[in-house]
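Note that my numbering has the sequence shown beginning at 260, numbered continuously upward.
Positions of the beta carbon are idealized from the N, C-alpha and C atoms, including for glycine.
Because the structure is a prediction, the values reported are computed rather than measured.
Structure record follows, encoded as structure tokens.
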Amino acid sequence: MTSSHHKAGFVNIVGKPNVGKSTLMNALLGKKLSIITAKAQTTRHRITGILSGDDFQVIYADTPGIITPNYALQQSMMRVVRSSLVDADALLWVVDVHDQDLPTDFSAKLLQRTIPVFLLINKVDLIGKVALEKVLQYWSSHVSVNAIIPVSALQAYNTALVFTHILTCLPEHPPYYPKDMLTDKPERFFAAEIIREKILRNYHQEIPYSVEVVIDAFKEEGNLIKISAIINAERQSQKSILIGKQGHALKKVGIEARHDLERFLGKKVFLEQRVKIAPGWRTKSQLLRRFGYT
Ligand code: GDP
Ligand code: MG
């Protein structure tokens, strides 16, 4: 294969919270990179997933959902979304099959871009054929995009078709990254994300949104990886809930996280978790920067 016939490009995945963007990216990659839960705003950072073949390389970016920002963390999340509207060769705009909200001011901008936009109607496993027909008619009469594709990210239905569309609009370009690279984020980033996913799944109310995980040590020693994680909460009361009676709650998070970490990293993992209080981290830009938001 000569490099002149090699295609490579950037594909950004945008849409409201909870429509299934992260599930879709994982399905397109065939590997779980992005954390997924039923809670909105699970994805806080832009996460890149790279899919390479002999003659192509697609660099996907899973973004936080489009929301109206009302605190500093959300403003940082929206900057991530905005930057994803430029610098791409194609956009995957994901909507939930039950959602017929027309684009707001912000997402309307998305449609004025000159790059190809594919509207993916996700979660079609949840409705019947007749209802889906109506949904497709609705969207095709209201928006002008390169293609409208019904998909089920969860069941990988039509994800191959999405990929075919993507290939047609990738420019001829040599690979941007080594072919064996799966992501541009370091392993310790995923360690923090996996622990955060377990917290999102195990606690309720404000806890999931009040917590940030920082990896302060990540050491490989032969077949073992030693990971030390700090779980930052905003208040003492949250710290107590996180730890739970006799530490049971935190222990459960640790067991689940270690299991996933070992699968993801392909090595034995020793995981140490500590809960600290970082008052008001969501609103303080200095702390946000330390946690990797820009
Ligand atoms: P994001 O916020 O847009 O990244 O959405 P997620 O990928 O985190 O998914 C949000 C929720 O929708 C999760 O509970 C997923 O399991 C669920 N979900 C995603 N795709 C599908 C789908 O195709 N069908 C169904 N039934 N549920 C889905
Ligand atoms: Mg997500």
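Cβ-based burial, residue i [other Cβ within 10 Å; buried from 16]
{"i": "V389", "result": "exposed"}
{"i": "S499", "result": "exposed"}
{"i": "A476", "result": "exposed"}
{"i": "E471", "result": "buried"}
{"i": "E531", "result": "exposed"}
{"i": "I536", "result": "exposed"}
{"i": "R533", "result": "exposed"}
{"i": "E479", "result": "exposed"}
{"i": "E392", "result": "exposed"}
{"i": "S262", "result": "With a pLDDT of only 48 at S262, under 50, the local geometry of the prediction cannot be trusted, and the value read off the model is given with reservation. Exposed."}
{"i": "I408", "result": "buried"}
{"i": "A419", "result": "exposed"}
Other residues of its chain near residue i: CB distance less than 7 Å, five sequence neighbours each side excluded
{"i": "I309", "result": "Q316, I318, Y436, M440, L441 and T442"}
{"i": "G539", "result": "E493"}
{"i": "P445", "result": "none"}
{"i": "D314", "result": "M260, H264, H265 and K266"}
{"i": "G312", "result": "none"}
{"i": "I374", "result": "A347, D348, A349 and L350"}
{"i": "Q495", "result": "I536"}
Proximity of residue i and residue j at Cβ, strictly below 8 Å
{"i": "V404", "j": "F377", "result": "yes"}
{"i": "L379", "j": "W352", "result": "yes"}
{"i": "A492", "j": "I474", "result": "no"}
{"i": "A267", "j": "H424", "result": "no"}
{"i": "Q497", "j": "S469", "result": "yes"}
{"i": "A450", "j": "I502", "result": "no"}
{"i": "S466", "j": "L524", "result": "The sequence given here places Ile at residue 466; Ser does not occur at that position. For I466 and L524, no; Cβs fall outside 8 Å."}
{"i": "G279", "j": "N417", "result": "no"}
{"i": "I306", "j": "L292", "result": "yes"}
{"i": "N461", "j": "A508", "result": "yes"}
{"i": "D348", "j": "F448", "result": "no"}
{"i": "V421", "j": "L288", "result": "no"}
{"i": "V354", "j": "I386", "result": "no"}
Contacts around residue i, its chain only, beta-carbon distance under 6 Å, and the 5 residues preceding and following it disregarded
{"i": "D384", "result": "S411 and Q414"}
{"i": "D519", "result": "I453"}
Secondary structure of residue i, DSSP reduced to three states
{"i": "Y319", "result": "strand"}
{"i": "K258", "result": "Limits of the chain in this structure are 260 at one end and 553 at the other, which puts residue 258 out of reach."}
{"i": "N491", "result": "strand"}
{"i": "K504", "result": "helix"}
{"i": "I380", "result": "strand"}
{"i": "N417", "result": "coil"}
{"i": "Q359", "result": "coil"}
{"i": "D475", "result": "strand"}
{"i": "Q483", "result": "The displayed chain sequence assigns Leu, not Gln, to residue 483. Of the three classes helix, strand and coil, the one that applies to L483 here is strand, per DSSP."}
{"i": "L310", "result": "strand"}
{"i": "N271", "result": "strand"}
{"i": "K527", "result": "strand"}
{"i": "L351", "result": "strand"}
{"i": "V402", "result": "coil"}
{"i": "P386", "result": "Strictly speaking, residue 386 in this sequence is Ile, with Pro absent from that position. Looking at I386 - three-state DSSP - the assignment turns out to be coil, as it is neither helix nor strand."}
{"i": "K535", "result": "strand"}
{"i": "E266", "result": "At residue 266 the sequence reads Lys, which differs from the Glu that was named. In the structure shown, K266 sits in a strand (DSSP, three-state: E or B)."}
Limits of the alpha helix (DSSP H) - the one that residue i falls within
{"i": "P467", "result": "I466 to S469"}
{"i": "I454", "result": "E446 to N461"}
Residue i: first and last residue of the uninterrupted beta strand (DSSP E) it sits in
{"i": "A406", "result": "A406 to P409"}
Own chain, CB closer than 8 Å to residue i, minus 5 neighbours either side, in chain order
{"i": "K527", "result": "N482, L483, I484 and E521"}
{"i": "A406", "result": "F377, L378 and H424"}
{"i": "I458", "result": "I466, P467, V470, V472, I490, L501 and V512"}
Any non-hydrogen atom of the ligand ADP closer than 7 Å to residue i Cβ
{"i": "S281", "result": "The model depicted lacks the ligand ADP and carries the ligand GDP and the ligand MG instead."}
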